[in-house]
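>
4 protein chains.
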Amino acid sequence: MAALKLGMVGGGQGAFIGGVHRMAARLDGCFDLVAGALSSDPERAHASAAELGIDAERSYANFHDMAKAEAARADGIDAVSIVTPNHLHGPIAEAFLAHDISVICDKPMTATWAQAQSLAAAAKASQGHFFLTHNYTGYPMIRQARQMVADGVLGDIRFIEANYLQDWLSEAPSADNKQALWRLDAAQSGGGAIGDIGTHAHNLACFVSGRHATALSATLSSHVPGRSVDDDARVTLQLSCGARAHIWVSQVAIGNENNLTLALYGSQGALRWAQENPNVLWLSEWGKAPQAITRGSGAANSAAAAVTRIPAGHPEGYLEAFATLYREAADVITSQHRPPHTLGVQAGLDGMRFVDACQRSSRNGAAWIELP
Amino acid sequence: MAALKLGMVGGGQGAFIGGVHRMAARLDGCFDLVAGALSSDPERAHASAAELGIDAERSYANFHDMAKAEAARADGIDAVSIVTPNHLHGPIAEAFLAHDISVICDKPMTATWAQAQSLAAAAKASQGHFFLTHNYTGYPMIRQARQMVADGVLGDIRFIEANYLQDWLSEAPSADNKQALWRLDAAQSGGGAIGDIGTHAHNLACFVSGRHATALSATLSSHVPGRSVDDDARVTLQLSCGARAHIWVSQVAIGNENNLTLALYGSQGALRWAQENPNVLWLSEWGKAPQAITRGSGAANSAAAAVTRIPAGHPEGYLEAFATLYREAADVITSQHRPPHTLGVQAGLDGMRFVDACQRSSRNGAAWIELP
Amino acid sequence: MAALKLGMVGGGQGAFIGGVHRMAARLDGCFDLVAGALSSDPERAHASAAELGIDAERSYANFHDMAKAEAARADGIDAVSIVTPNHLHGPIAEAFLAHDISVICDKPMTATWAQAQSLAAAAKASQGHFFLTHNYTGYPMIRQARQMVADGVLGDIRFIEANYLQDWLSEAPSADNKQALWRLDAAQSGGGAIGDIGTHAHNLACFVSGRHATALSATLSSHVPGRSVDDDARVTLQLSCGARAHIWVSQVAIGNENNLTLALYGSQGALRWAQENPNVLWLSEWGKAPQAITRGSGAANSAAAAVTRIPAGHPEGYLEAFATLYREAADVITSQHRPPHTLGVQAGLDGMRFVDACQRSSRNGAAWIELP
Amino acid sequence: MAALKLGMVGGGQGAFIGGVHRMAARLDGCFDLVAGALSSDPERAHASAAELGIDAERSYANFHDMAKAEAARADGIDAVSIVTPNHLHGPIAEAFLAHDISVICDKPMTATWAQAQSLAAAAKASQGHFFLTHNYTGYPMIRQARQMVADGVLGDIRFIEANYLQDWLSEAPSADNKQALWRLDAAQSGGGAIGDIGTHAHNLACFVSGRHATALSATLSSHVPGRSVDDDARVTLQLSCGARAHIWVSQVAIGNENNLTLALYGSQGALRWAQENPNVLWLSEWGKAPQAITRGSGAANSAAAAVTRIPAGHPEGYLEAFATLYREAADVITSQHRPPHTLGVQAGLDGMRFVDACQRSSRNGAAWIELP
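Protein chains in written order, with my numbering: chain A, 1 to 372; chain B, 1 to 372; chain C, 1 to 372; chain D, 1 to 372.
As structure tokens, this is what we get:
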């Protein structure tokens, strides 16, 4: 399979997630990065492009020019990765979708619910595909868990626990901490921990369980003087199946790096997984000794095997999981077949509705908010 | 130090916690078991007494007779252990306290808030001491944590997480599972998971943090058809210091045996502890590598050392922690000096107020309940 | 069952293992400590006895007097615990065995192979029983493993790994570290790490596997200036079944407290266990996901259940395992029936032959030594 | 930096390590795969090349043609990856080195000591660089450990333990298990576990400690009927500094996937690392609580930081470590500066001398073999 042609908006020098997307795009050889509007600062954009081996003529000063020019080229990009702060996701995605160029967009889909609705409409009208990089869904043992739940291994789901704990915002960030500063600015991020990592926890709980929330109650709080967005959130979800999911995310929980954990408890068994040691999934079947199911082993199922690159005991990590999303996006673009584990507009809408409802609930004393 | 003379009410053949109390009472040689009303069934009571080497004349058919007779003896018991179902704790304790005999009572203190108030009044009027066996407070690393918090190692507390997960009630119990049956009968237990293990989690959070709840919101639920008491509870506590504590207890979380965990997060650091591997306390100081502080090691503080029996690396367990409470009770009875870590009526009242408020909150849609 | 009467030699104020034996003897209520020659210093002996509630008339100045006097009493002791430095085990045990008093002796059985042979002859001639406290054999999950091996779960044993790592002798001890000083004096201990903890590792490998060594090769070494005994030993055992066992013990491996681990690898499966977290046994069956078998759970077998006191998830530790040996000794003395898991003279001879052969092998460049 | 042009020999359809090398080469964008002799079966070679997007004219039927043709092209490859069975490494490497094309060679360097010497001579005579992919040296926490040892954190090294345990050869492989079959054929592999994974353990011990072996004693054994090469090896190394290293590798240790562990014990501290959870390094300093140093955290040193791609808590795995070796090879080729952590001919010679000496020692009853 020949590699697809990829463009990128954002992700210039000094950025973080742009580099991650580039490594993820390269790992399986499915994409070549050939164009970019890598920074809102044109000088930095061009320097970054040069560094990445992008032809000068395909280094653009802004995403509007880029979308137009690439759409006009015979060898124009097949897809664009959007790795800017959240408030720009919507406008950029719409610009490329308008030209039927597929979009691979970092999460959360947008900064606001209104932007999300706008983007959804644009995606519907486009021939391009829209992909949302809830990257943790690319972990093999997450795929394993999803299939096991679907297979009924747990019996009836009783409750789901999804936590995502970090500590990097335990203090006010220094003035040069670009990653922290835009996240702490509601105008750019749309919110704090609830948008940045709450959407991951919410998405993972839904992705693995196959359930959706019908209502939620949330308490968002902030623990550092002067901080205007939440850095800790506690959310209870009422799920369609009658069970509840509980989400706790924090960016001020000292001693936690990216401690994302998921546990699903059912009437017949339970599954537990932790992102910091992602190659193992713990299965407890009622009345039996707990088992450690490892990626690549004989106990792994077909869903895990489909996204496994190397044998058991040689850990695959964060970049591999991320790369799986890129590989699957390439498959969709090439084959025009989109399997259900490929997340896009619906997951993005669900996530932004979740953020919006959490913010409203919290402002109203954790009142229950119905989700349509 | 000569051993004190101990009596026991409950704990006859087929019981569980009675045997635990006897081992705990024996381990440090502080008590000799010399009297008992070991069962409400007189035949079983006497057979149990014989098995335990209790003189036949001090095996009583009921606790009223026992309290009266022992109080009348020159060599009467110094203390009585109460290891019956919860609803009997109050009446029995009051009977012995009325004779100024000290009481060592299993938790929760009573089955109802009214009983708790009555018992508190009785204790106040008695020369006897009242001890409540929140046994997890006897673990050395819990004492270590308590002292570290008091020393300010964590800075300002931001939030506390206390979870106690079990799975033994994941299904309806069989008809001969005596331990399960009385716990699932609200008349005997006063409630389900919230009383049985919720009081432990609540107590531990308060014991280690030195904080008390001023309000709470709770959701109790039940997951097994036909079950009338809660088997899962989610509680948020508003603490006196402004921080919140979150408690989750469950008896239907498959894969958990006695998975009691405590984490305290502050502005400068965090502590984490798990009962199933109790000899280690994890300390994360902001910006430093996490440390594993082990019982008996050079990193253990004086509070831990005071309740440590054997060197580091040779695990002390549940019975040792329980035995510490017995040793400390013996010290109090002998010395008439009562250090603050010795739990009694106040902890019992706090626990029953917690249970009562959780039940009321849950009945009212998790409404916030003020605690006086 | 009425408690048996226990005496103790050694274990006075300032000692370590004496206190452990006393707690172990008390835990299950099988023994009352009624007599002692607790120290070679008569003043300390009597002060210690008073502290422990031993009648003054049964506090003896030396073990010879004690053996003679107790044998002459109608209410004389049923058994004596020997908790002195190693070189005294033999003479003391022989003194009591000569009066047909049962002996519970700390390990290693003696300081020298010659003493071991002498003691074995004395035991053979006595009506008293001899018990050797290889206390780790009392852990429930060790009993579980032993039964699983006997049941053939592992297939043919391929190799066994028994390691016991400590770090407390990483530096020369201070002058008041009594526990260290006698262990580092070959005249009192008979050797260094090989006797102190090597015998435990050797015993555990044999106990669980049911195999015996037919030859060995050993390298003993010492890592602290001025130290005359070994503090690290590497031993290869040729086992009767054709497989090999590998033993590594060290007292200078920084970061290890009492890190005793056992692994058995067979053609069909493997078992792994670690003393510092003793309530779990890991089973890997070929081609299946590894399982965590926990003490007290449904996956525990009858051998584990027979020595389990409390439910799964409430950890039992070192003292409980030790107490199991005391309870089983009491059962043997009472019933005169001795089950095969009750270790005595043969285990002691095996251990001392192991130490002696290791020392000879090491002096000869790790030459292979046949074991009869 | 423009990507270098890479060729590959071996690694066609059905192979394992070829795919790993390709992902590793791609991850950081340092190499483009443009030529190959991907299989000894020309049809498979061309099909594989087409699948990988290699121009048909640069898909060669054999490595001789490839070396000659690529050397003749203006746009010829900058380096070739050799991912064949071991016995072909030498001839292939020599063919490319003869044309001054750099070589990136999988380990062990060759199948025999004679081949290793020949290759070393060829490398010396070439303008091309030779890189040996002992990929575990690319893990950030291995770099961290290496620098900490060099900084003297451990004091004097007392002993080093390097184990590499697998179980995938616990039974005779099926007839279609290509990976197993050539490894079990001494003519192709040069030996069994000792060459395949023993060289990794040996290399890692030397790489991190900065020590070299001056003598060794080894016992190789085989546990599956009909197997002609070793599947388990126990080696003791005498190191230049006076300390010893102990190596255990096995391919029949059920329950182990790629359980490579390294521990270094010194007079002042110890370090422990495990490949299956590679983002943490445990530091025990004498008398202090053990610390968990994590990749990307503030406790990571400059050597770790230099090879870290993503923040702490997002695991990097096997492919990332492998990719670091590719990136560093690209740096050397581009800059002509070769830092000491870049392994090449000397590491290859050390490894093959190790294998050869182990085999000779084992044939002579574990006799000590001097290493020049």
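Idealized CB from N, CA, C, for every residue including glycine.
Being a predicted model, the structure only gives us computed values, none of them experimental.
1. Going along the chain, which unbroken runs of the alpha helix (DSSP H) with 4 or more residues stay wholly within the segment 7-65 of chain B?
2. For residue 193(C) versus residue 247(C), is the C-beta distance shorter than 8 angstroms?
3. Return the chain-ordered list of same chain residues with a C-beta closer than 7 angstroms to the C-beta of residue 70(B), the five sequence neighbours on each side being excluded.
4. How about residue 254(A): is its C-beta nearer than 8 angstroms to some C-beta of chain B?
5. Whose C-beta lies closer than 6 angstroms to the C-beta of residue 27(A) among residues of the same chain, with five residues either side of it excluded?
6. Is there contact between the segment 260-276 of chain C and the segment 157-164 of chain C, where contact requires at least three CB pairs shorter than 8 angstroms?
7. Quick one: which chain B residues come within Cβ less than 7 angstroms of residue 230(A)?
8. Reducing DSSP to helix, strand and coil, say where residue 182(D) ends up.
9. For residue 16(D), is the classification buried or exposed, using 16 other Cβ atoms within 10 angstroms of its Cβ as the cut-off for buried?
10. How far does the beta strand (DSSP E) with residue 269(D) in it extend, from its first residue to its last?
11. Taking the alpha carbon of residue 22(B) as the reference point, which residue from 353(B), 99(B), 80(B), 223(B) has its own alpha carbon closest?
12. Please tell me whether residue 115(A) has its Cβ less than 8 angstroms away from any Cβ of chain C.
13. Measuring only the C-alpha atoms, how far is residue 287(C) from residue 48(B)?
14. Who are the neighbours of residue 287(A) on chain C, taking C-beta pairs under 7 angstroms?
15. Between residue 316(C) and residue 279(C), which are expected to be in contact by the criterion C-beta below 8 angstroms, what is the C-beta distance as a whole number of angstroms?
16. Kindly indicate which residue of 128(B), 113(B), 211(B) has the alpha-carbon position closest to the one of residue 349(B).
17. Measure the CB-CB distance between residue 189(C) and residue 86(C) and report whether it falls below 8 angstroms.
18. Please report the straight-line C-alpha distance between residue 135(A) and residue 225(A), rounded to a whole angstrom.
19. With a threshold of 6 angstroms on Cβ separation, who are the neighbours of residue 291(A) within its own chain once the five nearest residues in sequence on each side are excluded?
20. Hey, residue 145(D) and residue 122(D): beta-carbon distance below 8 angstroms or not?
21. According to the Cβ coordinates, are residue 275(A) and residue 169(A) closer than 8 angstroms?
22. Since residue 325(B) contacts residue 131(B) with CB under 8 angstroms, what's their CB separation in whole angstroms?
23. Is the segment 351-365 of chain C touching the segment 344-359 of chain B in the sense that three or more CB pairs, one from each, lie closer than 8 angstroms?
24. Going along the chain, which residues of its own chain have a beta-carbon closer than 6 angstroms to the beta-carbon of residue 219(C), five neighbours each way excluded?
25. Which residue from 37(C), 254(C), 2(C), 138(C) puts its Cα closest to that of residue 342(C)?
26. Between the segment 52-63 of chain B and chain C, which residues of the former have a C-beta closer than 9 angstroms to a C-beta of the latter?
27. Does the separation of the CB atoms of residue 319(C) and residue 216(C) fall below 8 angstroms?
28. Of all the CB atoms in chain B, is at least one closer than 8 angstroms to the CB of residue 142(D)?
29. Return the residue from the list 213(B), 330(B), 312(B) that minimises the CA-CA distance to residue 369(B).
30. Inspect the beta-carbon positions of residue 52(B) and residue 31(B) and report whether they are closer than 8 angstroms.
31. Using beta-carbon positions only, say whether residue 340(C) and residue 199(C) come within less than 8 angstroms of one another.
32. Can you name, in chain order, every residue of its own chain whose Cβ lies under 6 angstroms from the Cβ of residue 272(B), other than the five neighbours on each side?
33. From residue 118(C) to residue 104(C), what does the alpha carbon distance come to, in whole angstroms?
34. Give the secondary structure of residue 232(B) by DSSP, where H, G and I count as helix, E and B as strand, and everything else as coil.
35. How would you list, in chain order, the residues of chain F whose beta-carbon sits under 7 angstroms from the beta-carbon of residue 109(A)?
36. So which residues of chain B does residue 155(C) contact, with C-beta pairs closer than 7 angstroms?
Considering the structure as presented:
1. 17-27, 42-51
2. In the third sequence, the residue the question calls residue 193(C) occupies position 193. In the third sequence, the residue the question calls residue 247(C) occupies position 247. No, they are not a contact pair.
3. For this step, residue 70(B) is matched to residue 70 along the second sequence. For residue 70(B), where only same-chain residues beyond five positions count, the Cβ hits under 7 angstroms are 7, 35, 76, 77, 101.
4. Along the first sequence, one-based indexing puts residue 254(A) at 254. Output row for residue 254(A): interface = yes.
5. Numbered from its first residue, the first sequence carries residue 27(A) at position 27. The residues are 323.
6. yes
7. Residue 230(A) sits at position 230 when you count from the first residue of the first sequence. By Cβ distance, chain B contributes nothing, its closest Cβ being about 13 angstroms from residue 230(A), past 7 angstroms.
8. As a first step, residue 182(D) must be located in the fourth sequence, where it is residue number 182. DSSP places residue 182(D) in helix when its eight states are reduced to three.
9. Counting from 1 along the fourth sequence, the entry for residue 16(D) is found at position 16. Exposed is the call here.
10. As a working mapping, residue 269(D) is identified with position 269 in the fourth sequence. Residue 269(D) -> beta strand (DSSP E) spans 269-274.
11. In the second sequence, the residue the question calls residue 22(B) occupies position 22. That would be 80(B), whose Cα lies nearest to the Cα of residue 22(B).
12. Residue numbering aside, residue 115(A) sits at position 115 when the first sequence is read from its first letter. So no, residue 115(A) is outside the interface.
13. Here residue 287(C) refers to the residue found at position 287 when the third sequence is read from its first residue. Here residue 48(B) refers to the residue found at position 48 when the second sequence is read from its first residue. In a straight line, the C-alpha of residue 287(C) is about 49 angstroms away from that of residue 48(B).
14. The count along the first sequence starts at 1 and reaches residue 287(A) at position 287. What residue 287(A) touches in chain C: 298.
15. Counting from one through the third sequence, the residue named residue 316(C) turns up at place 316. Counting from one through the third sequence, the residue named residue 279(C) turns up at place 279. The pair is a contact, with the Cβ atoms about 6 angstroms apart (cut-off 8 angstroms).
16. Numbered from 1 along the second sequence, position 349 holds the residue referred to as residue 349(B). Per the Cα distances, 113(B).
17. Locating residue 189(C) in the third sequence gives position 189, where the first residue counts as 1. Locating residue 86(C) in the third sequence gives position 86, where the first residue counts as 1. Yes, Cβ-Cβ distance for residue 189(C) and residue 86(C) is below 8 angstroms.
18. Start at 1 with the first residue of the first sequence, and residue 135(A) comes out as number 135. Start at 1 with the first residue of the first sequence, and residue 225(A) comes out as number 225. The alpha-carbon atoms of residue 135(A) and residue 225(A) are separated by roughly 32 angstroms.
19. Counting from one through the first sequence, the residue named residue 291(A) turns up at place 291. Answer for residue 291(A): 283, listed in chain order.
20. Walking along the fourth sequence from the start, residue 145(D) turns up at place 145. Walking along the fourth sequence from the start, residue 122(D) turns up at place 122. Contact flag unset, no.
21. For the purposes of this step, residue 275(A) is identified with residue 275 of the first sequence, where counting begins at 1. For the purposes of this step, residue 169(A) is identified with residue 169 of the first sequence, where counting begins at 1. Their beta carbons are not under 8 angstroms apart, which means residue 275(A) does not touch residue 169(A) by this criterion.
22. Here residue 325(B) is taken as the residue at index 325 of the second sequence, counted from 1. Here residue 131(B) is taken as the residue at index 131 of the second sequence, counted from 1. So it is a contact: roughly 7 angstroms between Cβ atoms.
23. no
24. Stepping through the third sequence from its first residue, residue 219(C) is reached at position 219. Correct list, in chain order: 234, 362, 366.
25. Numbered from 1 along the third sequence, position 342 holds the residue referred to as residue 342(C). In terms of Cα proximity to residue 342(C), the closest of 37(C), 254(C), 2(C), 138(C) is 138(C).
26. 52, 53
27. Here residue 319(C) refers to the residue found at position 319 of the third sequence. Here residue 216(C) refers to the residue found at position 216 of the third sequence. No, the Cβ-Cβ distance between residue 319(C) and residue 216(C) is not below 8 angstroms.
28. For this step, residue 142(D) is matched to residue 142 along the fourth sequence. Not closer than 8 angstroms to any Cβ of chain B, the Cβ of residue 142(D) fails to qualify, so no.
29. One-based indexing of the second sequence puts residue 369(B) at position 369. Nearest of 213(B), 330(B), 312(B) to residue 369(B), Cα basis: 213(B).
30. Counted from its first residue, the second sequence places residue 52(B) at position 52. Counted from its first residue, the second sequence places residue 31(B) at position 31. In this structure, residue 31(B) does not lie closer than 8 angstroms to residue 52(B) by Cβ.
31. Mapped onto the third sequence, residue 340(C) falls at position 340. Mapped onto the third sequence, residue 199(C) falls at position 199. No, they are not a contact pair.
32. Taking the first residue of the second sequence as 1, we reach residue 272(B) at position 272. Counting only Cβ-Cβ distances below 6 angstroms, and skipping sequence neighbours, we find 263, 282.
33. By 1-based counting over the third sequence, the position of residue 118(C) is 118. By 1-based counting over the third sequence, the position of residue 104(C) is 104. Whole-angstrom Cα-Cα distance: 17 angstroms.
34. As a first step, residue 232(B) must be located in the second sequence, where it is residue number 232. DSSP places residue 232(B) in strand when its eight states are reduced to three.
35. Included in the structure are the protein chains A, B, C and D, with no chain F among them.
36. To locate residue 155(C), count along the third sequence from 1; it is residue 155. In chain order: nothing, as chain B lies at least about 29 angstroms away.
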